[in-house]
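> Mind looking over this structure? Questions follow.
In the numbering used here, the protein residues as written are 40 to 395.
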C-alpha cells in the first residue's frame with residue numbers, strides 16, 4: 040500500500056476548524072490572521088521550553104503491524120495520521136480522538152532503512168511476546184486504558200466483533216468504583232476499557248484514558264518522572280500515585296497495590312531480550328536539548344544526548360533523547376520541526392485530509 044507524507048508548518052488546524060464558517064469576509068480574514076500571528080508569537084516567547092507539550096507517542100512494537108493497526112481502527116474508531124516530512128515505513132500513527140495522544144505501531148525489526156548498528160539489537164535478541172505469558176506480571180507499562188461513554192455498549196460491540204475479554208470487572212487502583220473491564224490488545228498486551236460518561240468525546244467513540252505502570256518503588260519512579268518530565272501529582276494512596284504529564288495521565292503502582300505478589304514480578308527486559316507490546320512513550324517538546332539539560336541538572340542523565348533521527352541516511356524533522364525508568368522502561372523527549380502540538384492531518388488513501 041502506498042503511503043503519504045504531510046508537510047507541516049505552524050499547527051493552526053484547530054483554529055481553522057472552528058473559524059471556517061466565518062471566513063467569508065475579507066476583513067475578518069485579515070483580523071484573524073493578525074490575531075493568530077500575535078498569539079503564536081506570544082506563545083513561542085512565553086512558553087516553558089523545558090516542559091512537555093503533548094503525549095506524542097504511545098509506542099507499540101508488534102509481531103503483526105496490519106493486525107495491530109486494524110485493532111485500533113476497527114474496534115476503537117482510530118484514524119491513521121499522516122507523517123510530517125519523510126514517511127517512515129516502519130511506523131504508523133493512530134489517533135482515537137482528534138488532538139489526542141498518538142498510538143504508534145512498529146513491527147519487530149530488523150529494518151531495511153536503518154543502519155546496521157541500529158539493527159544489531161534485533162539480530163542479537165530473543166523476542167518475547169506477552170500473549171505467550173499472560174499470567175506473568177512484568178515491571179513497566181502494565182496496561183493502556185481507553186475510555187468510553189458506555190461500558191455495556193462497548194462490551195457488547197467488542198464481543199460481537201470477536202475481541203477476547205480477559206477480565207469482566209477490573210478494579211482501578213485509584214478509582215475502585217469506576218466501571219472497567221480488560222481485553223487482550225496487540226500481542227496480548229492488556230487494554231483496559233474505562234467508563235467515563237461525563238467525558239466530552241466530541242465525534243470520537245473512544246479516547247486515551249491513562250497508562251498504568253507496575254513499578255518497584257513508587258516514590259523513586261515518581262521523583263524521576265517529576266524531575267525529568269515535569270509531572271504534577273494528582274492523587275495518591277499507599278503504593279500508588281497518579282501523575283499528569285502534559286496531557287497524559289500516568290498511574291504508578293507497586294505490585295501489592297494491584298494485588299500482585301512482588302516475588303511473582305519479573306524484570307521487563309532480561310539481557311538479550313526485546314518484549315513486544317507497549318515499548319515506550321514519547322512526549323513532544325519545543326526544545327529537547329534544553330529539556331534534557333534541565334533533567335541532567337536535576338541528577339538524571341539521558342540514555343543518549345539529543346540527536347537528529349536519521350532515516351534512509353538523511354536527518355528527519357525529529358530530534359530526540361530518552362530516559363530510562365528504574366523498571367527498564369524508556370520515555371523519550373521528542374522535538375518535531377515545525378510542529379508544537381498533536382498530529383493534525385489524517386491519511387486516507389494517500390489524500391491528506393485535515394480535520395473538518
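Here a beta-carbon is modelled for each residue, glycine too, at the ideal position from N, C-alpha and C.
(1) Is residue 99 near residue 248, with beta carbons less than 9 Å apart?
(2) Using 8 Å as the threshold, is the region 326 to 334 in touch with the region 376 to 383, meaning 3 or more CB pairs across them?
(3) Which whole-angstrom value is the C-beta distance of residue 165 and residue 355, which I expect to be below 8 Å?
(4) Buried or exposed, going by whether 16 or more other CB atoms sit within 10 Å of the CB of residue 195?
(5) Could you check the C-alpha separation between residue 132 and residue 93 for me, to the nearest Å?
(6) Since I believe residue 243 is in contact with residue 338 (beta carbons under 8 Å), could you give me their beta-carbon distance rounded to a whole number of angstroms?
(7) Note down the Cα distance separating residue 363 from residue 340, rounded to an integer number of angstroms.
(8) Using 8 Å as the Cβ pair cut-off and three pairs as the minimum, do the region 370 to 378 and the region 343 to 361 touch?
(9) Excluding the five sequence neighbours on either side, which residues of its own chain have a C-beta within less than 7 Å of the C-beta of residue 285, listed in chain order?
(10) Identify, in the order they occur along the chain, each residue of the same chain with its Cβ nearer than 8 Å to the Cβ of residue 277, setting aside the five sequence neighbours on each side.
(11) Would you identify the three-state DSSP class for residue 375, choosing helix, strand or coil?
(12) Can you find the residues in the same chain that come closer than 6 Å, C-beta to C-beta, to residue 130, ignoring five residues on each side of it along the sequence?
(13) Closest to residue 351 by CA distance: which of 88, 112, 126 is it?
(14) Please report how far the alpha carbon of residue 217 lies from the alpha carbon of residue 103, in whole angstroms.
(15) Do residue 96 and residue 371 have their C-beta atoms within less than 9 Å of each other?
(16) Return the CA-CA distance between residue 182 and residue 120, expressed in angstroms with no decimal places.
(17) Residues in its own chain within less than 7 Å of residue 259 by CB, not counting five upstream and five downstream?
(18) Check residue 107 in the structure and name its three-state DSSP category.
(19) Out of 292, 237, 148, 167, which has the shortest C-alpha to C-alpha gap to residue 159?
(20) Secondary structure at residue 369, three-state DSSP: helix, strand or coil?
(21) Rounded to whole angstroms, what's the CA-CA distance from residue 245 to residue 199? Just pull it up for me.
(22) How is the alpha helix (DSSP H) around residue 153 delimited, first residue to last?
(23) Ignore the nearest five residues each way along the sequence and tell me which others in residue 38's own chain have a CB closer than 6 Å to its CB.
(24) Indicate whether residue 226 and residue 177 have their beta-carbon atoms separated by less than 9 Å.
(25) Using only the alpha-carbon positions, how far apart do residue 230 and residue 204 sit?
(26) Would you identify the three-state DSSP class for residue 383, choosing helix, strand or coil?
(27) Can you give the Cα-Cα distance for residue 170 and residue 228, rounded to whole angstroms?
(28) Tell me whether the beta-carbon of residue 265 lies closer than 9 Å to the beta-carbon of residue 271.
(29) Pull the bridge partners of residue 179 from the DSSP assignment, please.
(30) Pull up the distance between the alpha-carbon of residue 306 and that of residue 367, whole angstroms please.
Here's the rundown:
(1) Result no, Cβ atoms of residue 99 and residue 248 do not sit closer than 9 Å.
(2) Result no; under three Cβ-Cβ pairs closer than 8 Å.
(3) Going by Cβ atoms, the distance from residue 165 to residue 355 rounds to 30 Å, so no, they are not a contact pair.
(4) Label assigned to residue 195: exposed.
(5) Straight-line spacing of the CA atoms in residue 132 and residue 93 works out to 15 Å.
(6) The beta-carbon distance between residue 338 and residue 243, rounded to whole angstroms, is 40 Å. This is too long to meet the 8 Å contact definition.
(7) Each residue's Cα considered, the two are about 9 Å apart.
(8) Touching, yes, given that three or more Cβ pairs across the two stretches are closer than 8 Å.
(9) Excluding positions up to five away in sequence, the list reads 91, 92, 93, 94, 322.
(10) Within the same chain, and ignoring the five residues on either side of residue 277 in sequence, the residues whose Cβ sits closer than 8 Å to its Cβ are 296.
(11) Under the three-state reduction of DSSP, residue 375 is assigned to strand.
(12) 143, 145.
(13) The option with the nearest alpha carbon to residue 351 is 126.
(14) Taking the straight line from one Cα to the other gives about 33 Å.
(15) It is a contact, given that the beta carbons lie within the stated cut-off.
(16) Approximately 23 Å between the Cα atoms of the pair.
(17) The beta carbon of residue 259 is closer than 7 Å to those of 365 in its chain, skipping five residues each way along the sequence.
(18) Helix.
(19) Nearest neighbour of residue 159 by Cα position, chosen from 292, 237, 148, 167, turns out to be 148.
(20) Reduced to three states, the DSSP call for residue 369 is strand.
(21) Between residue 245 and residue 199, the alpha-carbon positions lie close to 17 Å from each other.
(22) Per DSSP, residue 153 belongs to no alpha helix (DSSP H) and is neither H nor E.
(23) As shown, the chain starts at 40 and ends at 395. That puts residue 38 outside it, with no answer to give.
(24) Against a cut-off of 9 Å, the Cβ pair of residue 177 and residue 226 comes out as no contact.
(25) One Cα belongs to residue 230, the other to residue 204, and the distance between them is close to 10 Å.
(26) Assignment of residue 383 by DSSP, reduced to helix, strand and coil, places it in the coil class.
(27) If I take the Cα positions, the gap works out to 7 Å.
(28) Yes. Within cutoff.
(29) BP columns for residue 179 point to 253.
(30) Distance between residue 306 and residue 367, taken at the CA atoms: about 8 Å.
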